[in-house]
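Trainee:
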DNA sequence: TCATAAGCGAGACGGTACGTCCCGTCTTTAT
DNA sequence: ATAAAGACGGGACGTACCGTCTCGCTTATGA
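Residue numbers (my numbering), protein chains in the order written: chain A, 4 to 216; chain B, 4 to 216; chain C, 4 to 216; chain D, 4 to 216.
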């Protein structure tokens with residue numbers, strides 16, 4: 004009886020959805036996440052507040068979806084399966100046979116993306132929201148991050164198969180060895196993100212810190 | 004810069020300051036950061052709102068200071084120099100001569116701290132606030148994070164001196180090789196934080212992912 | 004004139020309006036005007052503060068309207084023209100042909116009203132507010148006072164026509180000869196308001212202070 | 004024991020008192036009564052807030068005293084008895100033998116005073132405060148108004164003695180016949196205050212409204 | 001085919017919190 | 001001891017948004 008009244012998605016206004024995405028992304032980059040309000044999004048989108056509340060449970064949810072849409076639009080569409088959106092950085096993880104080169108390529112792309120002004124605001128906002136709110140965090144992880152991280156794992160497993168990586172290592176932990184430091188530096192703004200930095204990161208992680216015999 | 008009427012710090016009520024710290028930390032752990040309000044802190048501390056606004060510019064600033072105080076109080080006071088507060092995890096970085104063991108010790112301590120229910124709430128809140136607000140982030144970094152990170156650097160340099168680490172590596176980047184993945188996992192809640200995880204992390208980072216010859 | 008976003012009066016909640024009237028009047032009589040706050044009215048009326056600020060510019064405006072409503076409700080409705088609200092004291096000014104008797108009747112009624120505990124508080128409050136704030140004063144005058152005063156003028160003109168009053172006198176000034184002293188005594192609390200007092204007032208004003216030849 | 008701690012008036016700073024008077028009067032005329040605050044007076048007077056609270060119970064009390072001082076200073080000092088301050092309008096009520104002329108003179112002076120920009124603000128403020136707060140009203144009446152009204156009474160009694168006024172009339176009610184309409188017009192801003200107006204007022208009151216036989 | 005029910009723009013509503021202004025009290029330092 | 005200064009606990013201000021609700025309007029079926 005207390006059904007939450009799921010609205011009819013068929014009748015949904017595509018025009019409104021788009022306008023809301025645009026408004027949300029624009030506001031976040033312009034005035035920041037906390038000063039972005041649902042009322043503000045609605046006003047800017049020329050939309051009633053209820054139209055937002057009808058389709059999304061929270062500000063974070065709106066922004067997440069808007070961002071997902073932005074990222075999907077930016078990606079070279081996969082003709083075989085357009086639904087197989089995989090994440091911002093690595094639509095497809097290269098496998099040239101040279102693990103080090105491939106990792107460097109991908110991490111450089113990640114740096115470029117995190118630096119892109121269109122992405123920086125929303126990404127920061129969503130990450131922060133996810134850190135504090137477990138629910139948002141989970142959705143953010145599953146929909147946006149995990150697909151990308153999974154590709155690292157696959158590439159590492161492939162490297163293990165070809166003997167380019169120690170077969171005893173856990174690919175998931177190894178993945179975080181690359182991604183963790185990058186995010187750390189970006190999130191906490193400790194030092195600038197450069198291609199040179201990620202290159203060295205890859206080298207350190209692959210060869211270890213021990214003196215090279 | 005329009006300095007706005009700095010109050011007289013001599014006349015400040017110590018009792019109020021303490022009450023505000025306590026209330027802020029309690030509320031953040033009880034109801035979370037976003038539902039912690041300045042009004043709520045004031046009410047719980049038995050303090051006028053203005054007393055908070057007089058001394059802090061924002062909710063985040065209150066919490067940061069309260070957390071700093073908590074951490075300082077928890078640390079084993081350094082008898083030689085009690086003012087030498089160094090940060091939450093590593094009041095003093097061990098140097099037993101065994102780099103790997105020392106790193107594992109410190110990272111295990113970090114895991115314990117990030118897992119401690121008294122610390123988790125505030126730390127998440129502050130990190131998130133810092134991600135979104137550059138000012139807060141900078142203060143958070145300088146006052147809380149950097150001191151700890153610096154110790155890693157010193158230990159690594161010491162290891163380079165004794166030949167336990169490659170002298171060509173950049174200690175700062177190397178530091179992030181340990182701390183980054185840890186924070187990544189904790190912030191994004193990808194997988195549980197365990198001592199076993201950090202042990203392997205240290206091993207991977209020191210020896211690299213390449214097959215061990 | 005920077006008209007600030009006029010709300011849609013059609014959608015206005017009648018229930019809220021009534022509750023606000025009631026709360027305002029009750030509070031003024033209970034705790035006095037200065038200790039009546041908008042916040043208090045809102046709380047007592049079970050209404051958001053914004054609902055008050057949306058429709059009234061000030062506490063005085065709320066009270067004025069509430070009082071106007073009270074007075075209109077209390078008046079014997081004029082069947083011929085229910086909209087012809089004329090003011091508190093004299094819905095219709097009697098004209099029995101005996102000017103002195105008519106004036107005494109009306110002034111006695113005024114005394115009764117100014118003495119009525121339901122009216123005294125609001126009336127004092129509004130008068131005081133109007134004395135200090137010209138805008139409030141003007142509205143108070145036009146909406147509440149003037150209609151009543153006008154009736155005096157008409158009755159006096161009628162008396163001039165029948166030869167009961169000197170045709171050379173200015174009815175407006177003459178009106179104030181009755182109303183002024185009454186208000187003076189009531190506002191400043193110099194001496195108690197009684198029917199006997201107003202009777203003598205009428206006599207003095209009609210016959211003058213000169214020795215009666 | 005709960006004595007309200009009456010301070011030692013001998014040690015009182017004359018300089019502060021004066022500064023407070025000046026500040027209070029200035030603020031009332033500049034920004035109005037309600038926007039005049041004790042804090043504002045203190046700041047403008049270069050005085051601690053406590054110095055005000057020590058000597059006066061309320062904002063109205065400060066203003067009343069300040070106004071009393073202003074009025075006393077403006078009056079032609081009575082050499083016989085400098086303490087015999089009698090009130091704003093009528094330091095001494097004229098008695099030329101011509102009642103009508105004397106009343107006109109005094110009322111014209113009252114008009115001038117109520118119109119004087121230095122007096123208007125404070126007088127309105129104090130009257131309004133007194134209307135709402137009975138205590139303030141009583142003090143205002145006794146200290147400022149009554150002395151003046153008493154003089155009317157005396158002059159009228161003198162007129163009764165010389166046969167210029169009906170001996171049966173109550174001088175107090177008769178006094179209000181002049182003062183009431185004047186204050187009514189001034190307080191409620193019904194019509195402008197002019198000398199012509201008060202002249203006619205005197206005539207009406209003395210001769211009555213009846214047709215002059 | 002046409003009523004009928006949905007989504008929609010708009011925005012009023014009961015609320016919560018904001019950051020500010022004062023209140024009246026209290027405490028500190030200087031005269 | 002009075003005074004200048006101003007921190008303090010507290011209450012109210014007027015504003016901004018929250019999330020819910022109701023209002024007409026339009027649009028798109030399904031009886």
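Idealized CB from N, CA, C, for every residue including glycine. Being a predicted model, the structure only gives us computed values, none of them experimental.
(1) So residue 170/D and residue 156/D are in contact, right, with Cβ under 8 Å, and what is the actual spacing, rounded?
(2) Quick check: residue 148/A and residue 71/A, are their CB atoms within less than 8 Å of each other?
(3) By the DSSP assignment, the alpha helix (DSSP H) with residue 2/C in it spans what residues?
(4) Is residue 50/A helix, strand or coil by DSSP?
(5) Starting from the beta carbon of residue 2/B, find every residue of chain A whose beta carbon is closer than 8 Å, and list them in chain order.
(6) Please list the segments of the alpha helix (DSSP H) lying wholly inside the segment 104-190 of chain C, counting only runs of 4 or more residues, in order along the chain.
(7) Please name the residue in 66/A, 51/A, 61/A, 204/A whose C-alpha comes closest to that of residue 179/A.
(8) Can you tell me whether DSSP reads residue 38/D as helix, strand or coil?
(9) Residues in the same chain with beta-carbon distance under 7 Å from residue 111/B, minus the five sequence neighbours each way, listed in chain order, please.
(10) Would you say residue 169/C faces chain D, with C-beta separation under 8 Å as the test?
(11) What's the gap between the Cα of residue 1/D and the Cα of residue 124/C?
(12) When you compare only the Cα positions, how much space is there between residue 91/B and residue 132/C?
(13) For residue 40/A and chain B, any beta-carbon pair shorter than 8 Å?
(14) Less than 8 Å separating the beta-carbons of residue 22/D and residue 63/D?
(15) Count the other CB atoms within 10 Å of the CB of residue 167/B; is the residue buried (16 or more) or exposed (fewer)?
(16) May I ask whether a heavy atom of the ligand SAM can be found less than 7 Å away from the beta carbon of residue 163/B?
(17) Is any beta-carbon of chain D found at less than 8 Å from that of residue 117/C?
(18) Just to make sure I have the definition right: I need the residues of chain A whose C-beta is within less than 8 Å of the C-beta of residue 27/B. Which are they?
(19) What's the C-alpha gap between residue 153/C and residue 139/C?
(20) Going along the chain, which residues of its own chain have a beta-carbon closer than 6 Å to the beta-carbon of residue 136/C, five neighbours each way excluded?
(21) Which of the three DSSP states is assigned to residue 85/D in this structure?
(22) By how many angstroms is the C-alpha of residue 69/A removed from the C-alpha of residue 75/A?
(23) Of all the CB atoms in chain C, is at least one closer than 8 Å to the CB of residue 188/D?
(24) Please decide whether residue 173/A counts as near chain B, where near means a Cβ-Cβ distance under 8 Å.
(25) Contact check, residue 144/A vs residue 106/B under 8 Å by CB: the rounded distance?
(26) I believe residue 212/A touches residue 213/B by the beta-carbon criterion, under 8 Å. Please report the beta-carbon distance rounded to the nearest angstrom.
(27) Can residue 73/D and residue 102/D be called in contact, C-beta distance under 8 Å?
(28) Around the Cβ of residue 60/C, are there at least 16 other Cβ atoms within 10 angstroms (buried) or fewer (exposed)?
(29) Can you find a CB in chain B that lies within less than 8 Å of the CB of residue 65/A?
(30) Listing by chain order, which chain B residues have their CB less than 9 Å from the CB of residue 177/A?
(31) Chain A partners of residue 166/B, CB-CB under 8 Å?
(32) Three-state secondary structure (DSSP) at residue 22/C?
(33) Helix, strand or coil, according to DSSP, for residue 193/A in the structure here?
(34) Using a Cβ-Cβ distance cut-off of 8 Å, determine whether residue 37/B contacts chain A.
(35) Please go through the same chain and pick out, in chain order, the residues whose beta-carbon is closer than 8 Å to the beta-carbon of residue 187/A, but skip the five residues on each side of it.
(36) Give the interface partners of residue 182/B over in chain A, defined as CB-CB distance under 7 Å, in chain order.
Mentor: Straight from the coordinates:
(1) Between residue 156/D and residue 170/D the Cβ distance is about 14 Å, and since that is not below 8 Å, they are no contact.
(2) no
(3) The structure shown does not extend to residue 2/C, since chain C is modelled only from 4 through 216, so no value can be given for it.
(4) coil
(5) The structure shown has nothing for residue 2/B, since chain B only spans 4 to 216.
(6) 120-135, 137-143, 149-165, all fully within the segment 104-190 of chain C.
(7) 204/A
(8) Residue 38/D falls in the coil class under three-state DSSP.
(9) 198, 201
(10) For residue 169/C, the answer is yes, since a Cβ of chain D falls inside 8 Å of its Cβ.
(11) This structure does not reach residue 1/D, given that chain D is present from 4 up to 216, and the question cannot be answered.
(12) Any reading at residue 91/B must be qualified, since the residue scores a pLDDT of 47, below 50, and its modelled position is unreliable; no value is offered.
(13) no
(14) no
(15) buried
(16) Looking at this structure, you won't find the ligand SAM or any other ligand, since it has none at all.
(17) no
(18) By Cβ distance, chain A contributes nothing, its closest Cβ being about 15 Å from residue 27/B, past 8 Å.
(19) 20 Å
(20) none
(21) Because residue 85/D carries a pLDDT of 40, less than 50, the predicted location of this residue cannot be relied on, and no value is offered for it.
(22) 10 Å
(23) yes
(24) A Cβ of chain B is located within less than 8 Å of the beta carbon of residue 173/A.
(25) Contact flag wrong, Cβ pair sits at about 27 Å.
(26) Rounded, the Cβ-Cβ distance is 13 Å, inconsistent with contact.
(27) With contacts defined by Cβ atoms closer than 8 Å, residue 73/D and residue 102/D do not form a contacting pair.
(28) Flag for residue 60/C reads exposed.
(29) no
(30) Under the 9 Å cutoff, chain B gives 207, 212.
(31) 214
(32) Reduced to three states, the DSSP call for residue 22/C is helix.
(33) coil
(34) yes
(35) 193
(36) 187
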